[in-house]
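In UniProt numbering, the protein residues as written are 1 to 258.
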Amino acid sequence: MPRFAANLSMMYNEHAFLDRFAAAARDGFKAVEYLFPYDFEVGTLRAQLDEHGLAQALFNAPPGDWAAGERGIAALPGREDEFKRSIDTALRYAGVLGNTKLHVMAGLVAAGEDRARYRAAYVANLAYAAQAAAAHGITVLMEPINTRDMPGYFLNRQDDAHAIRAEVGAPNLKVQFDCYHCQIVEGDLAMKLKRDFAGIGHIQIAGVPERHEPDIGELHYPYLFDLIDALGYDGWIGCEYRPKAGTSDGLGWLKPYL
Numbered sequence: 001m002p003r004f005a006a007n008l009s010m011m012y013n014e015h016a017f018l019d020r021f022a023a024a025a026r027d028g029f030k031a032v033e034y035l036f037p038y039d040f041e042v043g044t045l046r047a048q049l050d051e052h053g054l055a056q057a058l059f060n061a062p063p064g065d066w067a068a069g070e071r072g073i074a075a076l077p078g079r080e081d082e083f084k085r086s087i088d089t090a091l092r093y094a095g096v097l098g099n100t101k102l103h104v105m106a107g108l109v110a111a112g113e114d115r116a117r118y119r120a121a122y123v124a125n126l127a128y129a130a131q132a133a134a135a136h137g138i139t140v141l142m143e144p145i146n147t148r149d150m151p152g153y154f155l156n157r158q159d160d161a162h163a164i165r166a167e168v169g170a171p172n173l174k175v176q177f178d179c180y181h182c183q184i185v186e187g188d189l190a191m192k193l194k195r196d197f198a199g200i201g202h203i204q205i206a207g208v209p210e211r212h213e214p215d216i217g218e219l220h221y222p223y224l225f226d227l228i229d230a231l232g233y234d235g236w237i238g239c240e241y242r243p244k245a246g247t248s249d250g251l252g253w254l255k256p257y258l
């Protein structure tokens, strides 16, 4: 039976952020994820988890200047010292919140740039992050993101991600398989899940193409959930979608799995 984590960055936006933990728990979720925890004291977030009986499934390392449009710094040459500090911060939060998965965003590459330089920086920074995280029992994740939602993002394809994972060679470096992004860029999700399962560290879902509930759109998630179970996945599946209307009203798809 799949286990689902509510993504509080996208779901329950009808509530203030700290109130979303209670809302998710009332709807039957046992875990949460979100983009970034850094606007809050880590103890405040830990208290929300404890009060509502929730596990922390995942969050992202600091991404650079998000408000200015940056979407990660792991693949950006010249930002290595900043990247190392960001990993220190993320691991400090993870140590309190209890999650064992940390997503590290690659960043944007302008057209015409030397992608080989970015790849070399990415490989070196991922190796550093994986080594630092290993001491804390944490798996570092990289995620291919579609170019429609995030033009210029460095990593877009599953096979590229797994090639980089193999090049780094760290056992605690895995790929985050977001069904929404993969469907838009590549499709053929079932075969990619089978092909790459050993290197997949976290799974996320959303309807395609509008990124609403997973029972809206072109993907048939009941089949994929059965496949994910059959493959032996025992982690959380992150619900990283934008509810079409009210979050709770759109959770009919979840009821068979509670």
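By construction, the Cβ of each residue, glycine as well, lies at the ideal position given by its N, Cα and C atoms. All values derive from a computational prediction rather than experimental measurement.
Point to revise | Paired residues, beta bridge with E33 - DSSP | key: Here residue 33 is taken as the residue at index 33 of the sequence shown, counted from 1. According to DSSP, residue pairing for E33 in a beta bridge involves N7, L58.
**Study point:** Nearest candidate by alpha-carbon position, reference R165, set V104, V208, D149, G207
**Key:** Along the sequence shown, one-based indexing puts residue 165 at 165. The shortest Cα separation from R165 among V104, V208, D149, G207 belongs to V104.
Exercise for review: Could you spell out the range, first to last residue, of the alpha helix (DSSP H) harbouring A140?
Suggested key: Counting from one through the sequence shown, the residue named residue 140 turns up at place 140. It is worth fixing the name first, because residue 140 is Val in this sequence and not Ala. Looking at the DSSP string, V140 is not in any alpha helix (DSSP H); the run it does join, the beta strand (DSSP E), is 139-142.
**Study point:** Reference K101, options E41, D160, P144, T139, closest by Cα
**Key:** For this step, residue 101 is matched to residue 101 along the sequence shown. Comparing Cα positions, the closest option is T139.
Review point. With burial defined as no fewer than 16 other Cβ atoms inside 10 Å of the residue's Cβ, what is the status of residue 264: buried or exposed?
Key: Nothing can be reported for residue 264: it is not among the residues displayed for the chain, which extend from 1 to 258.
Review point. So, are the CB atoms of Y180 and R211 less than 8 Å apart?
Key: To locate residue 180, count along the sequence shown from 1; it is residue 180. To locate residue 211, count along the sequence shown from 1; it is residue 211. Yes, Cβ-Cβ distance for Y180 and R211 is below 8 Å.
Practice item. Identify whether D249 lies in helix, strand or coil by the three-state DSSP scheme. Key: Here residue 249 is taken as the residue at index 249 of the sequence shown, counted from 1. DSSP places D249 in helix when its eight states are reduced to three.
Point to revise | DSSP three-state assignment for K174, whether helix, strand or coil | key: Residue mapping note: residue 174 aligns to position 174 of the sequence shown, counting from 1. If DSSP states are grouped into helix, strand and coil, K174 belongs with the strands.
Check your understanding: Which of helix, strand or coil does DSSP assign to H212?
Key -> Counted from its first residue, the sequence shown places residue 212 at position 212. Coil.
Check your understanding: Any idea which residues DSSP pairs C239 with across the strands?
Key -> Mapped onto the sequence shown, residue 239 falls at position 239. According to DSSP, C239 shares a beta bridge with A6, I205.
Review point. Quick one: what does DSSP say G187 is sitting in, helix, strand or coil?
Key: If you number the sequence shown from 1, residue 187 lands on position 187. The answer is coil: DSSP assigns G187 none of H, G, I, E or B.
Review point. The beta strand (DSSP E) with L102 in it runs from where to where?
Key: Taking the first residue of the sequence shown as 1, we reach residue 102 at position 102. That run of the beta strand (DSSP E) goes 101-103.
Review point. Can at least three beta-carbon pairs, one atom from the segment 73-92 and one from the segment 44-51, be found at a separation below 8 Å?
Key: The segment 73-92 vs the segment 44-51: no contact.
Check your understanding: A106 by DSSP, collapsed to three states: which one?
Key -> For the purposes of this step, residue 106 is taken as the residue at position 106 of the sequence shown. Of the three classes helix, strand and coil, the one that applies to A106 here is strand, per DSSP.
**Study point:** M10, buried or exposed, once every other Cβ within 10 Å from all chains shown has been counted against 16
**Key:** In the sequence shown, residue 10 corresponds to position 10, counting from 1. Flag for M10 reads buried.
Review point. Which residues bound the alpha helix (DSSP H) around Y257?
Key: Translated into positions along the sequence shown, residue 257 becomes position 257. From DSSP, Y257 is part of no alpha helix (DSSP H); its letter is neither H nor E.
Exercise for review: Return the chain-ordered list of same chain residues with a C-beta closer than 8 Å to the C-beta of H136, the five sequence neighbours on each side being excluded.
Suggested key: Locating residue 136 in the sequence shown gives position 136, where the first residue counts as 1. Within the same chain, H136 has close Cβ partners L91, A94, G95.
**Study point:** Other residues of its chain near E167: CB distance less than 8 Å, five sequence neighbours each side excluded
**Key:** In the sequence shown, counting from the first residue as 1, residue 167 sits at position 167. Apart from sequence neighbours up to five positions away, the residues of its chain that approach E167 with a beta-carbon distance below 8 Å are V123, ordered along the chain.
Exercise for review: Measuring alpha carbon to alpha carbon, tell me which of E240, Y241, D226 ends up nearest D234.
Suggested key: Against the sequence shown, residue 234 aligns to sequence position 234. The option with the nearest alpha carbon to D234 is D226.
Review point. Got a sec? Which residues, its chain only, sit under 8 Å from Y38 by beta carbon, not counting five neighbours each side?
Key: For the purposes of this step, residue 38 is taken as residue 38 along the sequence shown, with counting starting at 1. Sequence-distant Cβ neighbours of Y38 in its own chain, meaning closer than 8 Å and more than five residues away, are P62, T89, Y93.
Review point. What residues match up with Y153 in a beta bridge as DSSP calls it?
Key: As a first step, residue 153 must be located in the sequence shown, where it is residue number 153. Its beta-bridge partners are L108.
**Study point:** Enclosing alpha helix (DSSP H) for L49 [first to last residue]
**Key:** As a first step, residue 49 must be located in the sequence shown, where it is residue number 49. Unbroken alpha helix (DSSP H) run through L49: 42-52.
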